[in-house]
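Undergrad: One structure, as structure tokens, below. Some questions next.
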Amino acid sequence: MDQPEILYEDNHLLALNKPAGMLTQPSGRDEASLESLAKEWIRCVKGKPGEVFLHAVHRLDRPVSGIVLFARTGKALSRMNDQQRRREIRKVYHAVITNDLPAREGTLRHLLRHSRMRSIQAPDHEEGARECTLHYRILRGHSGMYLAEIVLETGRYHQIRAQLAATGCPVMGDARYGGQSAAPLHGIALHHVRMEFTHPTLRNLVTIEAPYPVPWPLRSP
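So this is what it looks like as structure tokens:
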């Protein structure tokens, strides 16, 4: 059995570092997912045979790496979902881009709609369009690459990838949105690096951090 990279664990929550290229949840086809791997780990290592309760609090796109948080009880799942609805969970991503953003830090706001497995920018008042907001700052630049730290305010389909592309700064390796090659990366240069939230039972502040995958094109200072 493959060993998942555990970032945080207690009786209520489990946080893993998802590798790029792996699904967060099963697709119904015969391919590996982080959720299936985690359930097998709980059954084998924790000695809990039978059906394992484990539900993703959020998902990452297949080519994205980083933190995925799972709830291990129904109560934890319900309370974490409530925090998400109230936008009380802070999610921080690092993205490597090859074009510089308009300012060293700022806010991006777009209307996006889902179209053929992509999110595309939509005109005002278009049916099905949803408002998307993120905050960013440039951490460093080197050899035509820029490392951006991104904090999501909303959580839409492909939001970071689509908003950066709409600004002319697609994520490195994200061919779907016009990004340049990121070889030898196994996915795209977008990593969920940090997550902060209130523990659903203990009520203390929890901060989880995920190391970059190897290789990674540009690290934080």
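Just so you know, the numbering used here puts 82 at position 82 of the sequence shown, and the rest follows in order with no gaps. By construction, the Cβ of each residue, glycine as well, lies at the ideal position given by its N, Cα and C atoms. All of these numbers come straight from a predicted model, not from anything done at the bench.
1. Write down every uninterrupted run of the alpha helix (DSSP H) in the segment 74-109 whose length is 4 residues or greater and which is fully enclosed by it, in chain order.
2. Is the CB-CB distance between H94 and E149 below 8 angstroms?
3. Between A20 and R203, what straight-line distance do the alpha-carbon atoms span, to the nearest angstrom?
4. From what residue to what residue does the alpha helix (DSSP H) around E40 run?
5. Taking the alpha-carbon positions, what's the A165 to P49 distance?
6. Can you give me the C-alpha to C-alpha distance between K39 and H142, rounded to a whole angstrom?
7. Is R156 near the ligand HEM, going by C-beta to nearest heavy atom under 7 angstroms?
8. So, at 6 angstroms on beta carbons, what are the nonlocal neighbours of T133 in its own chain, with the 5 sequence-adjacent residues on each side left out?
9. Spatial neighbours of I138 within its chain, please: CB distance less than 6 angstroms, with the 5 preceding and 5 following residues excluded, ordered by chain position.
10. Reducing DSSP to helix, strand and coil, say where A189 ends up.
11. Can you give the Cα-Cα distance for S33 and K91, rounded to whole angstroms?
12. By how many angstroms is the C-alpha of R62 removed from the C-alpha of A76?
13. Which value, in whole angstroms, describes the spacing of the CA atoms of H199 and Q163?
14. Within its chain, find whatever has a CB closer than 7 angstroms to the CB of Q180; leave out the 5 residues flanking it on each side and keep chain order.
15. With distances taken Cα to Cα, identify the nearest neighbour of Q83 among P102, H12, V68 and V57.
16. Measure the CB-CB distance between R79 and N11 and report whether it falls below 8 angstroms.
17. Take Q3 as the anchor and find which of K46, P26, D30 and P170 has the nearest alpha-carbon.
TA: This is what the structure gives:
1. The segment 74-109 contains, as complete alpha helix (DSSP H) runs of 4+ residues, the segments 74-85 (chain order).
2. It is a contact, given that the beta carbons lie within the stated cut-off.
3. Rounded to the nearest angstrom, the gap between the Cα atoms of A20 and R203 is 31 angstroms.
4. From DSSP, the alpha helix (DSSP H) with E40 extends over L34 to V45.
5. Distance from the CA of A165 to the CA of P49, rounded to the nearest whole angstrom, comes to 45 angstroms.
6. Put simply, the backbone Cα of K39 is about 41 angstroms away from that of H142.
7. The model on display carries no ligand, and the ligand HEM is accordingly not part of it.
8. So the list reads R109, E153 and T154, once near-sequence residues are dropped.
9. The beta carbon of I138 sits closer than 6 angstroms to those of R104, Y146 and A148, all from its chain and outside the five residues before and after it, given in chain order.
10. DSSP, reduced to helix, strand and coil, places A189 outside both helices and strands of the structure shown, so it counts as coil.
11. The alpha-carbon atoms of S33 and K91 are separated by roughly 22 angstroms.
12. In this structure, the alpha-carbon of A76 lies about 25 angstroms from that of R62.
13. Taking the straight line joining both Cα atoms gives about 30 angstroms.
14. Excluding positions up to five away in sequence, the list reads T98 and M172.
15. When only C-alpha atoms are compared, the closest one is V57.
16. Cβ atoms of R79 and N11: not closer than 8 angstroms.
17. Per the Cα distances, K46.
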